[in-house]
Amino acid sequence: MLYKTISKANFKVFINEVIAGNVTIAPKMTDKDSEGNPVYQFQQVYAFDEIALNYTKTYSSLKNFFLPFKESLSTFQFDKNEWKQKIEYSIHPRVIVGVRACDINGLLKLDNVLMKGKYPSPYYVARRTNTFLIGLDHEPMADCFCQSLNSDEALHGFDLFLTDIGDKYFMQINSSKAFNLFKNVQINDIETEDEEKYIAEKKRIASLFKTRVAITGLSNLMDIEFESDVWKKWGDKCLSCGTCAMVCPTCYCFTVTESIDVSLKFALKEKVLYSCNLVDFAEVAGGHNFRPEPATRLKYRFYHQHRGFVESYDEPKCVGCNRCGIACPAGINPIDVIHDLRMEDVK
Amino acid sequence: MEYLGIELKKPKVSFFDFTCCEGCQLQIANKEDTLVDFLSLVEVVNFREISSEKKDHYEIAFIEGAISRQDEIERLEKIRKQAKLVVALGTCACYGGVNSLKKRFSVEDVVNEVYGHNPVETLPVKSVKEVVAVDFEIPGCPISKAEFESIILHLVLGTEFRFKKYPVCVECKQNLNHCLLDEGKICLGPITRAGCNAVCINGKLPCYGCRGPAEENNWPSLKQILTEKGFSPEQIDEKTSFFNSLTEVTKNES
Amino acid sequence: MSYEIPRENIAAEPFMAGPPDFNRKSRLMQTDKVYECMITNIVELTDMEKLFHLKIMDPGESRLFTFRPGQFLMLELPGFGEIPISISGSSAIRERIGLCIRKAGKVTNMLHKARIGTKVGVRGPFGTHFPLERMVGHNILLIAGGLGLAPLRAPIYWVNEHRSEYADVAIMYGTKRPKDILFDYQFDMWGKIYNYDIHLIVEEPDENWKGRVGLITELFNEVDIDPHRTYAIVCGPPVMFKFVCNHLNQVGIPMDRMFVTLERRMHCGMGKCCRCMVGSTFTCVDGPVMDYWTVMNLKEAI
Ligand SMILES: Cc1cc2nc3c(=O)[nH]c(=O)nc-3n(C[C@H](O)[C@H](O)[C@H](O)COP(=O)(O)OP(=O)(O)OC[C@H]3O[C@@H](n4cnc5c(N)ncnc54)[C@H](O)[C@@H]3O)c2cc1C
Ligand code: SF4
Ligand code: SF4
Ligand code: SF4
Ligand code: SF4
Ligand code: SF4
Ligand code: FES
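Residue numbers (the numbering used here), protein chains in the order written: chain A, 1 to 347; chain B, 1 to 254; chain C, 1 to 302.
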């Protein structure tokens, strides 16, 4: 890792250069909720000024740039008695600007599943390795609990990471790709003053977290409280709508569908991101459903986050962004559910 | 499917419209890029939108529209006798659709309102299945072209078609929409069967459930959510009964 | 009765360490590519089940494909879907992959329409297998209910091929009706040539049925079990293996010497789609073969 600073003016020049040469994705304001609060999403941008750099958090995570909601796994070309499978992984390089630490940590968790291990996913690897990530520190929202999950700081998994220290950014350069980009833009070595400001800013951010979720022992609690009434209580509210998993930065499960084109010349095998809250997640041929009730499915979502994933990768799957809690139409959020499970008073 | 040695039967199909806007037929005829391929799968003997030929030999009858007059009932019964397979096409045919709004007023009022001083004979609106046996239902207002083609393909290949079991919210979120419930609107996406790619919400209009209920539909919870958001029972009822497609789910509660 | 903690056979460890490497590192990017296969033979076993013989068309790929009894593969029927199917045949014969498939839904119905010569695809093999090398020198109880005989055929072939290494082998097989019995044409051979003790039972006999009637557990009255020398392999629906394993447990067979196979929805076989998860465990990676102790301690397993 290389530590430098860049003036805000130069950063703008730099980003405009990046935008000129690449597909660039960044947070933009897209809607307003009924209280008038802005809603942000990651979208393609065409100029620096379109970027909402001081955004809160995006409504949906950026996982869809790595795990598209719908993705072609292969096509089968039919020719009389023959068929041939075609697979393509190629992807154009792109840049994502303004990624929060929790989202980078979310990607690191996806890396564990989809890049490492026994069967890496070439589809994911192609997208991940062709994405240039520029991270950005920010003040947490009132409902962010990434600190409780150790996800408020990203140590790797990005190309650049910036922290606002007044009129410049403190910059961590984490790849030679990133370093090469600064050939035409001036960056500076760190001075003592920068370092002090950086440390002070980090401390300030860390002190701003208002929401805490106790994670210690949660994995075992998931087992011990498997029959708890808490699941029924929240399960009764759950609409089994899958919204939580769609917006979550780390939910990666999917379904596979195949469809023959009307021309009968080819078929498409597609992967569609799914959610364990959906009714037929665990349904098998003949109609048997291993998780028929909304409550068992809701429980399972928490079980995967805080037990299943921990068993495989020694850390929870959740990064504590509370996107699921914000988007859930039924107002189910992990903070309340976990507090409930721990039999603690909510707030 | 030649590689499986399955011979394609090219069924003779007919389209019939009853009380509706014929928008669903338009959906099919409009799909220019795939229309030719589609027409090679089936033999269309009656189709108002693209041909004027009229024949009585067909195996599959697609019924578009709701049934609201005595002569329509008789026509439908005749079609049922002729067809091997009767398919209800579109929300009107499957559930009564927008036409069912009529149900909320008395027949006389409707006749007066719509036809003024030239009254015609009309009956309370019925879905196709309330009149004759229906083999398959393709809901949607209008139907999804892609889904319709897929269903026909399944039919021709002799393999079963399955609707999505999950609700519209999944597709809504996959299109990166902000939830309209949080923008002060009533949206019935959470209890409505997906498959339309959430077109309405993509266009910032809430879902009124034209595709009928999803397999898991927690209406009591959604109703409570809407009530807590300050909507009155009347406001909620107005939306849930819009297409008459969700009554099966919402009636026992409201 | 004194209980001595059994010695683990470390020599069998590398064998246990994992399935043969489908994930050939050099071809890392090929995890979704299917091997193109030809259906070389179809045997109609019952109204509902057919046995398919598959041959991998590319000789190089065919050489790469090896499996252990108990593993499954993902069978691709282009345009219709991909489904997990246990390999039901000998792991020694490379020319022929046997799959016994019941008509159950979209893919399986279409597959039943396929003819000899039809091209299909496979990926795999995936999952865990029965630790047959650990069972060397022991008695083996092979217990199947219904379609459970399909996955059981792989270990049966294995034992046939290594018959002298195992002591007494018994097969217990139960079905609903006599006409549901699979592979009856092989029973004579298994009994006479390989000296298996074969016991059959049906729940609903017809007028020609002369054998036993009842649930599979009733067959235990006919078989002498030496709990200290016996391993059991049980394939069938969860209710069935639960009853059987509980009985075997009472007889005194340790739970980690009974092996069952689990069945869940699967879409990848590689621990990615999460559809097959039982509690915190992936059936496709940590299963489908599991010892009963593990299964008992899994949330949502039974
Ligand atoms: C490890 C394992 C081994 C199996 N071995 C055999 C075997 O040897 N013989 C046999 O006849 N059947 C076996 N099955 C069951 C077989 O996979 C299902 O019958 C088959 O998937 C049904 O597919 P379908 O498209 O015909 O049914 P549909 O009901 O149309 O299923 C739709 C899709 O759901 C998924 N699905 C449905 N049921 C199952 C299921 N039980 N398991 C996994 N995925 C499912 C598949 O992706 C399938 O394409 C096995 C299942 C597992 C998990
Ligand atoms: S928690 Fe549920 S929705 Fe999320 S990845 Fe796991 S199985 Fe999928
Ligand atoms: S808070 Fe919710 S959305 Fe965020 S990572 Fe955790 S489960 Fe996913
Ligand atoms: S928890 Fe909320 S978002 Fe998730 S499925 Fe249930 S209702 Fe939908
Ligand atoms: S309630 Fe409506 S707007 Fe909200 S997520 Fe569901 S479909 Fe989308
Ligand atoms: S969003 Fe709702 S109303 Fe609109 S087409 Fe889909 S199901 Fe029908
Ligand atoms: S089959 Fe996909 S995770 Fe097991």
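Ideal Cβ placement from N, Cα and C applies to all residues, glycine included.
If you check the beta carbons only, do residue i and residue j fall under 8 Å apart?
i, j, result
"C/I87", "C/A154", "yes"
"A/W83", "C/P288", "no"
"B/E96", "B/V134", "It should be pointed out that residue 96 of chain B corresponds to Gly in this sequence rather than to Glu. No, the Cβ-Cβ distance between B/G96 and B/V134 is not below 8 Å."
"C/K33", "C/R96", "no"
"C/V120", "C/E76", "yes"
"A/I19", "A/F65", "no"
"B/F18", "B/G65", "yes"
"C/I140", "C/V159", "yes"
"A/G308", "A/N277", "no"
"A/F302", "A/R212", "no"
"C/E44", "C/L182", "no"
"B/K10", "B/L39", "no"
"B/Q82", "B/Y58", "yes"
"A/R94", "A/L136", "no"
"A/S74", "A/K63", "no"
"B/P290", "B/G23", "Residue 290 of chain B cannot be examined here, being either before or after the span of chain B that is shown, 1 to 254."
"B/L153", "A/V262", "yes"
"C/D206", "C/R177", "yes"
"A/L268", "A/S259", "yes"
"B/L188", "B/K239", "yes"
Measure the C-alpha to C-alpha separation of residue i and residue j and round it to an integer number of angstroms.
i, j, result
"A/F158", "C/T283", "33 Å"
"C/D168", "C/N249", "19 Å"
"C/T46", "C/Y173", "16 Å"
"C/L28", "A/L67", "With a pLDDT of 44 at C/L28, under the threshold of 50, the modelled position of this residue cannot be trusted, and the question is left open."
"B/N244", "B/A194", "17 Å"
"B/S221", "A/H156", "42 Å"
"B/K129", "B/L246", "15 Å"
"C/I101", "C/G148", "11 Å"
"B/L35", "B/I191", "32 Å"
"A/L273", "C/P125", "25 Å"
"A/S219", "A/Q305", "9 Å"
"A/K4", "A/T131", "22 Å"
"A/L149", "A/C318", "7 Å"
"C/M270", "C/M74", "10 Å"
"A/L239", "B/L181", "13 Å"
"A/H372", "A/E71", "Because residue 372 of chain A is not part of the residues shown, which for chain A are 1 to 347, the question remains open."
"A/F69", "C/M266", "19 Å"
"A/M1", "C/Y157", "57 Å"
What's the call for residue i, buried or exposed, on a 16-neighbour Cβ count within 10 Å?
i, result
"B/V249", "buried"
"A/S121", "buried"
"A/D164", "buried"
"C/V213", "exposed"
"B/S68", "buried"
"B/T159", "buried"
"A/D152", "buried"
"A/S355", "With chain A covering only 1 through 347, there is no way to say anything about residue 355 of chain A."
"C/V202", "buried"
"B/E74", "exposed"
"B/Q235", "exposed"
"C/K25", "Because C/K25 sits at a pLDDT of 41, beneath the cut-off of 50, its placement in the model cannot be relied upon, and the following sentence gives the value as read from the coordinates. Per the 10 Å Cβ criterion, exposed."
"C/M57", "exposed"
"C/I93", "exposed"
In chain order, what are the residues with a CB under 5 Å from some non-hydrogen atom of ligand 4?
A/C238, A/L239, A/C241, A/T243, A/C244, A/N277, A/C328, A/A330 and A/I332
Does the stretch 242-257 of chain A come close enough to the stretch 64-76 of chain C that 3 or more CB-CB pairs lie under 8 Å?
no
Taking contact to mean 3 or more Cβ pairs, one atom from each stretch, closer than 8 Å, check whether the stretch 37-54 of chain A and the stretch 205-218 of chain A are in contact.
no
Using the beta carbon as the reference atom, which residues fall closer than 5 Å to any heavy atom of ligand 1, ordered along the chain?
A/V284, A/A285, C/F72, C/G81, C/I83, C/P84, C/I85, C/S86, C/I101, C/R102, C/A104, C/G105, C/K106, C/V107, C/T108, C/A150, C/E263, C/R265, C/M266 and C/P288
Could you check whether the stretch 195-209 of chain B touches the stretch 220-237 of chain B, counting it as contact only if at least three pairs of C-beta atoms, one from each stretch, sit closer than 8 Å?
no
Would you call the stretch 206-214 of chain B and the stretch 157-171 of chain B in contact, with 3 or more CB pairs under 8 Å?
yes
Three or more beta-carbon pairs under 8 Å between the stretch 250-264 of chain C and the stretch 233-241 of chain C, yes or no?
yes
Hey, is the stretch 193-203 of chain A in contact with the stretch 216-225 of chain A, meaning 3+ C-beta pairs nearer than 8 Å?
no
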